[in-house]
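A.B. asks: Numbering (the working numbering), first residue to last: 1 to 261. If you scroll down you'll find the structure; I have some questions about it.
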């Protein structure tokens, strides 16, 4: 055999060997075991981003709640998210029922923020103890921020404030039960709650745009929504994404538990 023929035959052999190896690789990928391993690796990789995504959601909601929903050059005419539940009561169209509006929808952001901090602090995934303590501790003042400006125990029991009082007390109790949630609340349920917390912010956005024309009458000029609404939209999206990711990666833990059993 000539050297050229030997080289040609060797090249063909290498190509055939490479083709066989590639076919074998894809066959292995198609097996249930390899697909399961690939899923586990992907979930483990995505799990690293879960705390960062949750923190982004919580920070965005905080900026939305304490940020400007209406910006104005005069500081006293700015409307912050924390003031909206009380402010809308004095808008004439809302006061006389021309715009049907339940002011409690504007408590969506602080409820989502406080409950989100509780869920974050009780994650069953690896998380620094200091971060857990900080999140749990912050959930209480966020809940208390929903108290009316000048409140007394008697006022909190009136029909107007009874619902928000119950929510505040439930959130504070939830903060003290964080070790219990961490022990017994499955991540799949926790993920569903994150999604729910993201969705409860949407009525506040709709309600704001419903009353915006009435606010423009009060200000006697066109108004532009503040950056807080952008933060609220981002926060809701991040919160929903956190819930979906947590549900997805929780299947990794369930798989390992089943395999160990």
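Glycine included, every Cβ here is placed at the ideal spot set by N, Cα and C.
How about residue 235 and residue 71: do their beta carbons lie closer than 7 Å?
C.D. replies: Against the chain shown, residue 235 aligns to sequence position 235. Against the chain shown, residue 71 aligns to sequence position 71. Their beta carbons are not under 7 Å apart, which means residue 235 does not touch residue 71 by this criterion.
A.B. asks: Could you check which residue in 215, 198, 95 and 247 has the C-alpha nearest to that of residue 57?
C.D. replies: The residue you call residue 57 lines up with position 57 of the chain shown. Among 215, 198, 95 and 247, the Cα nearest to that of residue 57 is on 198.
A.B. asks: Would residue 119 and residue 142 be called neighbours here (beta carbons separated by less than 7 Å)?
C.D. replies: Position 119 of the chain shown, counting from 1, holds the residue named residue 119. Position 142 of the chain shown, counting from 1, holds the residue named residue 142. Going by C-beta atoms, residue 119 is not nearer than 7 Å to residue 142.
A.B. asks: What is the rounded straight-line gap between the Cα of residue 186 and the Cα of residue 124?
C.D. replies: Locating residue 186 in the chain shown gives position 186, counting from the first residue. Locating residue 124 in the chain shown gives position 124, counting from the first residue. Answer to the nearest angstrom: the Cα atoms are 8 Å apart.
A.B. asks: To the nearest angstrom, report how far apart residue 154 and residue 126 are at their CA atoms.
C.D. replies: Working through the chain shown from its first residue, we reach residue 154 at position 154. Working through the chain shown from its first residue, we reach residue 126 at position 126. If you take the alpha carbons of residue 154 and residue 126, they lie about 43 Å apart.
A.B. asks: Count the other C-beta atoms from every protein chain shown that fall within 10 angstroms of the C-beta of residue 107, then say buried if there are 16 or more, exposed otherwise.
C.D. replies: Here residue 107 refers to the residue found at position 107 of the chain shown. Buried.
A.B. asks: If you check the beta carbons only, do residue 231 and residue 63 fall under 7 Å apart?
C.D. replies: The sequence position of residue 231 within the chain shown is 231, counting from 1. The sequence position of residue 63 within the chain shown is 63, counting from 1. Going by C-beta atoms, residue 231 is nearer than 7 Å to residue 63.
A.B. asks: Exposed or buried, what is residue 193 when buried is set at 16 or more other beta-carbons lying within 10 Å of its beta-carbon?
C.D. replies: As a first step, residue 193 must be located in the chain shown, where it is residue number 193. Residue 193 comes out buried.
A.B. asks: Between the alpha carbons of residue 244 and residue 208, how many angstroms are there, rounded?
C.D. replies: Along the chain shown, read from residue 1 onward, the residue named residue 244 stands at position 244. Along the chain shown, read from residue 1 onward, the residue named residue 208 stands at position 208. Computed Cα separation, rounded: 27 Å.
A.B. asks: What is the DSSP secondary structure of residue 55, counted as helix, strand or coil?
C.D. replies: For the purposes of this step, residue 55 is taken as residue 55 along the chain shown, with counting starting at 1. If DSSP states are grouped into helix, strand and coil, residue 55 belongs with the helices.
A.B. asks: Compare the Cα-Cα distances from residue 148 to each of 250, 162, 128 and 78 and report the closest residue.
C.D. replies: The residue you call residue 148 lines up with position 148 of the chain shown. Among 250, 162, 128 and 78, the Cα nearest to that of residue 148 belongs to 162.
A.B. asks: Between residue 214 and residue 81, how many whole angstroms is the CB-CB distance? I'm expecting something under 8 Å.
C.D. replies: As a position in the chain shown, residue 214 is number 214, starting the count at 1. As a position in the chain shown, residue 81 is number 81, starting the count at 1. No, residue 214 and residue 81 are not in contact; Cβ-Cβ is about 18 Å, not under 8 Å.
A.B. asks: May I ask which residues mark the beginning and end of the alpha helix (DSSP H) holding residue 200?
C.D. replies: Indexing the chain shown from 1 puts residue 200 at position 200. Looking at the DSSP string, residue 200 is not in any alpha helix (DSSP H), and its letter there is neither H nor E.
A.B. asks: Which of helix, strand or coil does DSSP assign to residue 99?
C.D. replies: Here residue 99 is taken as the residue at index 99 of the chain shown, counted from 1. Residue 99: coil per DSSP, three-state reduction.
A.B. asks: Can you check DSSP and say which residues form a bridge with residue 68?
C.D. replies: In the chain shown, counting from the first residue as 1, residue 68 sits at position 68. Bridge partners of residue 68: 80.
A.B. asks: Work out the CA separation of residue 55 and residue 191 for me, nearest whole Å.
C.D. replies: Stepping through the chain shown from its first residue, residue 191 is reached at position 191. Stepping through the chain shown from its first residue, residue 55 is reached at position 55. Straight-line Cα distance between these residues: approximately 14 Å.
A.B. asks: Do residue 115 and residue 140 come within 7 Å of each other at the CB atom, strictly closer than that value?
C.D. replies: Along the chain shown, one-based indexing puts residue 140 at 140. Along the chain shown, one-based indexing puts residue 115 at 115. No.
A.B. asks: What are the start and end residues of each continuous alpha helix (DSSP H) run of 4 or more residues lying completely inside the stretch 159-235, in chain order?
C.D. replies: If we require 4 residues or more, the alpha helix (DSSP H) runs fully inside the stretch 159-235 come out as 159-176, 178-184, 187-199 and 202-219.
A.B. asks: Quick check on the DSSP output: the alpha helix (DSSP H) that includes residue 75 runs from which residue to which?
C.D. replies: Taking the first residue of the chain shown as 1, we reach residue 75 at position 75. No alpha helix (DSSP H) contains residue 75, which DSSP labels as neither H nor E.
A.B. asks: What separation, rounded to the nearest whole angstrom, lies between the Cα atoms of residue 29 and residue 241?
C.D. replies: Here residue 29 is taken as the residue at index 29 of the chain shown, counted from 1. Here residue 241 is taken as the residue at index 241 of the chain shown, counted from 1. Because residue 29 sits at a pLDDT of 45, beneath the cut-off of 50, its placement in the model cannot be relied upon, and the following sentence gives the value as read from the coordinates. One C-alpha to the other measures close to 28 Å.
A.B. asks: In chain order, what residues of the same chain lie with their CB nearer than 6 Å to the CB of residue 171, ignoring the 5 residues before and after it?
C.D. replies: Here residue 171 refers to the residue found at position 171 of the chain shown. 114 and 143.
A.B. asks: In the DSSP assignment, find the unbroken alpha helix (DSSP H) run with residue 120 in it and report its ends.
C.D. replies: Position 120 of the chain shown, counted from the start, is the residue given in the question as residue 120. Counting along the chain, the alpha helix (DSSP H) containing residue 120 begins and ends at 108-121.
A.B. asks: Which residue comes first and which comes last in the alpha helix (DSSP H) that contains residue 139?
C.D. replies: Stepping through the chain shown from its first residue, residue 139 is reached at position 139. Per DSSP, residue 139 belongs to the alpha helix (DSSP H) from 129-144.
A.B. asks: Take residue 103 and list the residues in its own chain whose beta-carbon comes closer than 7 Å to its own, dropping the five residues that flank it on each side.
C.D. replies: For the purposes of this step, residue 103 is identified with residue 103 of the chain shown, where counting begins at 1. For residue 103, where only same-chain residues beyond five positions count, the Cβ hits under 7 Å are 85, 88 and 89.
A.B. asks: Is residue 249 buried or exposed, if buried means 16 or more other CB atoms sit within 10 Å of its CB?
C.D. replies: As a working mapping, residue 249 is identified with position 249 in the chain shown. Looking at its Cβ environment, which holds 16 or more other Cβ atoms inside 10 Å, residue 249 is buried.
A.B. asks: Should residue 97 go down as buried or exposed, given a rule of 16 or more other Cβ atoms within 10 Å for buried?
C.D. replies: Position 97 of the chain shown holds residue 97. Per the 10 Å Cβ criterion, exposed.
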